[in-house]
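**Student:** Could you have a look at this structure, given as structure tokens, before my questions?
So this is what it looks like as structure tokens:
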């Protein structure tokens, strides 16, 4: 079973509108964390936002917010006031488990391609 | 230079060649990672290093050989590759291996686009 599921291969949004990118996850670990990364066409993955499983409040970073619904195991990314520069691939990721040396593996989803229309 | 730098940006190699990918970080991080990104597949973790010690080898074929001489540099030595190894290879770093980078996440390089012919 996939650990991270992103069901939207592609999305379109009008400039200045808000958009929600979906992410669901699967884990039995009580301590985990969720991330969103952006990958423009240049290839570099850019960290956007993080939510820990014990965090009570939804994470926010500027125009990005993470809608964390623990019971539903969902961690959707909301981008407000979309800009042309937001056009990119967006990846949801999760850290879980503790391995030797304290390392926690990070698993990524397949991504959603967002295109912002002028 | 700042951030994570990967060289070369593009690489075309024959199946019998030997080449190396280089990653360098100027962030003072203690953990470094290699990921493989193929089209329409999730990022695949390959190797994890913490303070120059390998802590994860994610069942990667032996034709990929990592090397971490110090906490700032990471190499991926390639030999006898197959066409299915063509992909974008991403290097990343974080302060340490705990919490997946936590509130700061991983810092990635721009990747090396590898084509095996």
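Residue numbers (our numbering), protein chains in the order written: chain Z, 1 to 118; chain G, 1001 to 1117. Built from N, CA and C at the ideal position, the CB exists for glycine as well.
1. Work out the CA separation of residue 1090 of chain G and residue 1061 of chain G for me, nearest whole Å.
2. Using a Cβ cut-off of 7 Å, which residues of the segment 1042 to 1065 of chain G contact any Cβ in chain Z, in chain order?
3. Please classify residue 10 of chain Z: does DSSP put it in a helix, a strand, or coil?
4. Give the DSSP-derived three-state secondary structure of residue 1104 of chain G in the structure shown.
5. So what's residue 1084 of chain G in DSSP terms, helix, strand or just coil?
6. Anything in the segment 1099 to 1117 of chain G with a Cβ closer than 8 Å to a Cβ of chain Z? List those residues in chain order, please.
7. Once you ignore the five residues that flank residue 1016 of chain G on each side, which residues in its own chain have a CB closer than 7 Å to its CB?
8. Using only the alpha-carbon positions, how far apart do residue 97 of chain Z and residue 15 of chain Z sit?
9. Hey, residue 1045 of chain G and residue 1053 of chain G: beta-carbon distance below 8 Å or not?
10. Residues in the segment 1081 to 1092 of chain G with C-beta within 7 Å of chain Z's C-beta atoms, listed in sequence order?
11. Please confirm whether residue 44 of chain Z has its beta-carbon closer than 8 Å to some beta-carbon of chain G.
12. Check whether chain Z comes within 8 Å of residue 1012 of chain G, counting only Cβ atoms and requiring the distance to be less than that.
13. With which residues is residue 1066 of chain G paired in a DSSP beta bridge?
14. My output table needs one value for residue 1003 of chain G: the three-state DSSP class, helix, strand or coil.
15. The segment 1030 to 1041 of chain G: which residues have C-beta closer than 9 Å to a C-beta of chain Z, in chain order?
16. Taking 8 Å as the threshold (beta carbon to beta carbon), is residue 35 of chain Z in contact with chain G?
**Tutor:** Looking at the atomic coordinates:
1. Rounded to the nearest angstrom, the two C-alpha atoms are 17 Å apart.
2. 1042, 1043, 1045, 1048, 1050, 1055 and 1056
3. Three-state result, residue 10 of chain Z: strand.
4. helix
5. helix
6. 1099, 1100, 1101, 1102, 1103, 1104, 1105, 1106, 1107, 1108, 1109, 1110, 1111 and 1113
7. 1080
8. If you take the alpha carbons of residue 97 of chain Z and residue 15 of chain Z, they lie about 39 Å apart.
9. no
10. 1088 and 1090
11. yes
12. no
13. G:1076
14. coil
15. For the segment 1030 to 1041 of chain G, the residues whose beta carbon sits under 9 Å from a beta carbon of chain Z are, in order, 1031, 1033, 1035, 1037, 1040 and 1041.
16. With 8 Å as the cut-off, residue 35 of chain Z counts as an interface residue toward chain G.
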